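Enquirer: In case it helps, the working numbering puts the sequence shown at residues 18 to 93.
All residues carry an ideal CB built from backbone N, CA and C; glycine is no exception.
Just so it is clear, the structure is predicted and the values come from calculations on it, not from any experiment.
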Amino acid sequence: MKTCAFTDIICRGFCHFYREDRAELACGSYNLLSEILTRRELQSTIRGILRAPDFSCDEEVKALICENCDFLIDGC
């Protein structure tokens, strides 16, 4: 179940595919982050990401999270 706080941080903040009318949908990254982090931990973790993004682990993220996610089919 999605929460407003996590939706604001993860979906509105980072997802190019986010749509208000589909706010109940959640990708694999959302599911993982909401399971392992509190809202405060998530906010602390992403602090500074927009200024200096690091994509060096993208392939690892894709293998661990994205390959099992329904959104991958649509090009997420």
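What's the call for G45, buried or exposed, on a 16-neighbour Cβ count within 10 Å?
Expert: Working through the sequence shown from its first residue, we reach residue 45 at position 28. That one is buried.
Enquirer: Name the two residues that bound the continuous alpha helix (DSSP H) containing R57.
Expert: Locating residue 57 in the sequence shown gives position 40, counting from the first residue. Residues R56 to I63.
Enquirer: For the alpha helix (DSSP H) that contains I94, what are its first and last residues?
Expert: No answer is possible for residue 94: the residues shown for the chain start at 18 and end at 93.
Enquirer: Can you look up I26 in the DSSP assignment and give me helix, strand or coil?
Expert: Start at 1 with the first residue of the sequence shown, and residue 26 comes out as number 9. I26 falls in the helix class under three-state DSSP.
Enquirer: Within its chain, find whatever has a CB closer than 6 Å to the CB of C86; leave out the 5 residues flanking it on each side and keep chain order.
Expert: Position 69 of the sequence shown holds residue 86. Result list for C86: C44 and G45, in chain order.
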